[in-house]
Amino acid sequence: MDKSVIFRSAAVAGGRFAPGHLGELTQQVPFEMVDAVLEETCRVQRRVRDLPSRVVVYLLLAGGLFAELGYEQVWRRLAAGLGGLPVATPTASAMTQARRRLGPGPLRELFFLLRGPSPAGARWKGLLVCAVDGTILTVAGSPANLAVYSKQRGGATGGGSYPTVRLLALVSCGTRTVIDAVFRPAASGETTCAPLLLPSLRAGMILLADRNFAAGFLAAQIAAAGAEFLVRVRTGRGCPGLPVLRRLPDGSWLSAFGGVPVRVIDAEITVVTAGGRTGSRYRLITTLADAARYPAEQVIALYHERWEIETAYLELKSTILGGRVLRARTPDGVEQEVYALLITYQALRAAIADATSTIPGTDPDRASFTIALGAARDQVILAAGVTAGTVTDLAGNIGRLVLASLMPPRRPRTSPRVVKRAISKYNARGKVDRTTYKATIDITVITPPLTAKNEP
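Written out as structure tokens, the structure reads:
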């Protein structure tokens, strides 16, 4: 029988630092960066143990790639490609103690270094398009966590089984890289957390947000940062007063919100599919006041890009976490783990953006995050691509696999928005329609009637 012999070499750190890597993603989070953060946060080990601080950082990051595994199994994957090297086999207790010694500080500072938009981020009429929104993560129901994080209250679908964390992120559309993020107990509302992200806004950006962020004080802070915004506001009871200060030729009008001059666009959006016809009313406010340069229909179409952040949360919570509860059983551990997840996600997104940039005109939206995650896991197990070669390779093995399986350009489609997984399965209501329909979208700008109510 014929046989093949495979010889493979891997370049990793020396001695007890060898298991400290993230495969090819180590090039996005290099040794020098981790060492600098450990030095800054005073978390460099006093003596070199089996688990030096740098190795613990990479163990936590690898835990984000292998969210379904315990840290002992994650360690085995970090050491799998190090055949022939004397590698320690730490116990679960030793790993727990090492993570506690490290604390959340180094991961927090590492995220602050890595956050930010990719140069390939989507631009619209010269503006970098970004979106803000929040989501909920579930954490282990230990006594220490319950002292800080509360469970969701009961309702039509029952109460929550686990305590929760509210994560709020500012994401660059197109590449879905994280510009900034903050997380707090879920009792803190989105508008309470949002001001913590606004210092990351700059002139030349446009921020997209849903109705939860239609607050006058937020509009004033966004404008003060020099950024533009496009926010949906309510139209029913409790809707903000937006008097018509001046009508514009395209049917929109100029008004004021939170002391900021804004342009208001009212529109009826009709979606026609094989399953029927639906329509909804949208009212958008924006600082883009020039109707000639920013036509109303184009502004309305731009608002649809807000869904990029929903997709980012899907990738984080469904593709990486698989809907699982976070491992950490202490508040410091929760902070450590959430930052590790954000860093891992950012590294993957940066690798995807680098790969798609090698083919001019390739939309990062067409890159499969699932393929990138699988490829990154393989590179960790092989301990491959840990250090960069002498020739610059923007795509790398992860990128080449992504580019080989690009998805087709996005088509207009719609899917009913329903609760697919209720908090309590016993209280779920109705039948879930999971059909995805091809859609035709019609946008009609509505001109407000001339009445005493909306005139100044």
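Numbering of the sequence shown is given in the numbering used here, commencing with residue 4 and proceeding in unit increments. The C-beta atom is built at its ideal place from N, Cα and C for all residues, glycine as well. Please read all numbers here as calculations on a predicted model, not as lab measurements.
* **Three-way DSSP call (helix, strand, coil) for residue 260 in this model** => The residue given as residue 260 occupies position 257 in the sequence shown. The three-state reading of DSSP puts residue 260 in strand, counting E and B together.
* May I have the straight-line CA-CA distance separating residue 231 from residue 276, to the nearest angstrom? => What you label residue 231 is simply residue 228 of the sequence shown in a count that begins at 1. What you label residue 276 is simply residue 273 of the sequence shown in a count that begins at 1. Pairing residue 231 with residue 276, the inter-Cα distance amounts to about 34 Å.
* Asked: In three-state DSSP terms, what is residue 130?
  -> Within the sequence shown, residue 130 is the residue found at index 127, counting from 1. Looking at residue 130 - three-state DSSP - the assignment turns out to be strand.
* Pair within 8 Å by beta-carbon distance, residue 303 and residue 245 -> In the sequence shown, counting from the first residue as 1, residue 303 sits at position 300. In the sequence shown, counting from the first residue as 1, residue 245 sits at position 242. It is not a contact, given that the beta carbons lie outside the stated cut-off.
* To do: Sort 204, 87 and 24 by Cα distance to residue 80 and report the nearest one.
  => Working through the sequence shown from its first residue, we reach residue 80 at position 77. Distance from the Cα of residue 80 is smallest, within the candidate group 204, 87 and 24, for 24.
* If you draw a straight line from the alpha carbon of residue 222 to that of residue 267, how long is it in whole angstroms? -> Numbered from 1 along the sequence shown, position 219 holds the residue referred to as residue 222. Numbered from 1 along the sequence shown, position 264 holds the residue referred to as residue 267. About 14 Å.
* **Reduced DSSP category for residue 269 - H, G, I as helix; E, B as strand; rest coil** => As a position in the sequence shown, residue 269 is number 266, starting the count at 1. DSSP places residue 269 in strand when its eight states are reduced to three.
* Between 44, 145 and 137, which lies nearest to residue 3 when the distance is taken from Cα to Cα? -> With the chain covering only 4 through 459, there is no way to say anything about residue 3.
* My guess is that residue 36 and residue 74 are in contact by the Cβ rule of under 8 Å, so how many angstroms apart are they, rounded? -> The count along the sequence shown starts at 1 and reaches residue 36 at position 33. The count along the sequence shown starts at 1 and reaches residue 74 at position 71. 22 Å between Cβ atoms; not a contact.
* Under three-state DSSP, which class holds residue 320? -> Residue 320 sits at position 317 when you count from the first residue of the sequence shown. Per DSSP, reduced to three states, the secondary structure at residue 320 is helical.
* Would you call the stretch 145-152 and the stretch 368-379 in contact, with 3 or more CB pairs under 8 Å? -> Between the stretch 145-152 and the stretch 368-379, the count of C-beta pairs closer than 8 Å stays below three; the two stretches do not touch.
* To do: Work out the CA separation of residue 300 and residue 16 for me, nearest whole Å.
  => Taking the sequence shown and counting its residues from 1, one reaches residue 16 at position 13. Taking the sequence shown and counting its residues from 1, one reaches residue 300 at position 297. Going by C-alpha positions, residue 16 is about 55 Å away from residue 300.
* Can you name the residues that DSSP bridges to residue 446? -> For the purposes of this step, residue 446 is taken as the residue at position 443 of the sequence shown. For residue 446, which the question treats as bridged, DSSP gives the partners 272.
* To do: Measure the C-alpha to C-alpha separation of residue 115 and residue 89 and round it to an integer number of angstroms.
  => Within the sequence shown, the letter at position 112 stands for residue 115. Within the sequence shown, the letter at position 86 stands for residue 89. Cα-Cα distance, rounded: 34 Å.
* Can you have a look at residue 336 and say buried or exposed, based on whether 16 or more other CB atoms are within 10 angstroms of its CB? => Your numbering for residue 336 matches position 333 in the sequence shown. By the neighbour-count criterion, in which a residue is buried when 16 or more other Cβ atoms sit within 10 angstroms of its Cβ, residue 336 is buried.
* To do: Could you check what DSSP says for residue 69 in three-state terms: helix, strand or coil?
  => The residue given as residue 69 occupies position 66 in the sequence shown. Coil, per DSSP.
* **Rounded separation between residue 41 and residue 27 - CA only** => In the sequence shown, the residue the question calls residue 41 occupies position 38. In the sequence shown, the residue the question calls residue 27 occupies position 24. Taking C-alpha positions only, residue 41 is separated from residue 27 by approximately 21 Å.
* Spatial distance of residue 108 from residue 283 (CA atoms) -> The residue given as residue 108 occupies position 105 in the sequence shown. The residue given as residue 283 occupies position 280 in the sequence shown. Counting only the Cα atoms, residue 283 lies some 46 Å from residue 108.
* **Cβ-based burial, residue 410 [other Cβ within 10 Å; buried from 16]** => What you label residue 410 is simply residue 407 of the sequence shown in a count that begins at 1. Looking at its Cβ environment, which holds fewer than 16 other Cβ atoms inside 10 Å, residue 410 is exposed.
* What residues in its chain sit with their C-beta under 7 Å from that of residue 175, if we drop five residues either side in the sequence? -> For this step, residue 175 is matched to residue 172 along the sequence shown. The beta carbon of residue 175 sits closer than 7 Å to those of 120, 121, 124, 131, 133 and 182, all from its chain and outside the five residues before and after it, given in chain order.
* Straight-line Cα distance separating residue 229 from residue 455 -> Taking the first residue of the sequence shown as 1, we reach residue 455 at position 452. Taking the first residue of the sequence shown as 1, we reach residue 229 at position 226. In this predicted model, residue 455 has a pLDDT of only 45, less than 50, meaning its place in the structure is not dependable enough to derive any value.
* To do: Could you pull the start and end residues of the alpha helix (DSSP H) that residue 340 belongs to?
  => For this step, residue 340 is matched to residue 337 along the sequence shown. Membership of residue 340 in the alpha helix (DSSP H) is indicated by the continuous run 334-359.
* Asked: Do you know offhand how far residue 54's Cα is from residue 185's?
  -> On the sequence shown, position 51 is the one that residue 54 refers to. On the sequence shown, position 182 is the one that residue 185 refers to. When rounded, the distance between both Cα atoms is 29 Å.
* To do: Would you list the residues sitting across from residue 154 in a DSSP beta bridge?
  => One-based indexing of the sequence shown puts residue 154 at position 151. Beta bridge pairing from DSSP links residue 154 with 166.
* Asked: Under three-state DSSP, which class holds residue 297?
  -> To locate residue 297, count along the sequence shown from 1; it is residue 294. The answer is coil: DSSP assigns residue 297 none of H, G, I, E or B.
* To do: Determine the contact status of residue 326 and residue 71, defining contact as a CB-CB distance below 8 Å.
  => On the sequence shown, residue 326 is found 323 positions in, with the first residue counted as 1. On the sequence shown, residue 71 is found 68 positions in, with the first residue counted as 1. In this structure, residue 326 keeps its C-beta atom at 8 Å or more from the C-beta atom of residue 71.
* What three-state label does DSSP hand residue 64 in the structure shown? -> Sequence index remark: in the sequence shown, residue 64 carries index 61 (1-based). In the displayed model, residue 64 falls within a helix according to three-state DSSP.
* To do: Please state if the CB of residue 286 and the CB of residue 247 are separated by a distance shorter than 8 Å.
  => As a first step, residue 247 must be located in the sequence shown, where it is residue number 244. As a first step, residue 286 must be located in the sequence shown, where it is residue number 283. No.
* Under the three-state reduction of DSSP, which class applies to residue 15: helix, strand or coil? -> Counting from 1 along the sequence shown, the entry for residue 15 is found at position 12. Residue 15: coil per DSSP, three-state reduction.
* Can you name the start and end residues of the beta strand (DSSP E) that residue 188 belongs to? -> Walking along the sequence shown from the start, residue 188 turns up at place 185. Boundaries of the beta strand (DSSP E) around residue 188: 181-188.
* Note down the Cα distance separating residue 322 from residue 82, rounded to an integer number of angstroms. => The count along the sequence shown starts at 1 and reaches residue 322 at position 319. The count along the sequence shown starts at 1 and reaches residue 82 at position 79. Straight-line Cα distance between these residues: approximately 24 Å.
* DSSP-derived helix/strand/coil call for residue 455 -> Indexing the sequence shown from 1 puts residue 455 at position 452. Because residue 455 sits at a pLDDT of 45, beneath the cut-off of 50, its placement in the model cannot be relied upon, and the following sentence gives the value as read from the coordinates. In the three-state scheme derived from DSSP, where H, G and I count as helix and E and B as strand, residue 455 is classed as coil.
* Kindly indicate which residue of 251, 86, 67 and 96 has the alpha-carbon position closest to the one of residue 450. => By one-based count along the sequence shown, residue 450 stands at place 447. Answer by Cα proximity: 251.
* Asked: If you compare alpha carbons, which of 280, 406 and 353 is closest to residue 1?
  -> In the structure as shown, the chain starts at 4 and stops at 459, and residue 1 therefore has no counterpart that could be examined.
* To do: Answer yes or no: do residue 346 and residue 172 have a C-beta to C-beta separation smaller than 8 Å?
  => For the purposes of this step, residue 346 is identified with residue 343 of the sequence shown, where counting begins at 1. For the purposes of this step, residue 172 is identified with residue 169 of the sequence shown, where counting begins at 1. No, Cβ-Cβ distance for residue 346 and residue 172 is not below 8 Å.
* Can you find at least 3 beta carbon pairs, one from the stretch 188-199 and one from the stretch 382-392, that sit closer than 8 Å? -> As far as the Cβ criterion goes, the stretch 188-199 does not touch the stretch 382-392, which means the pair count is below three.
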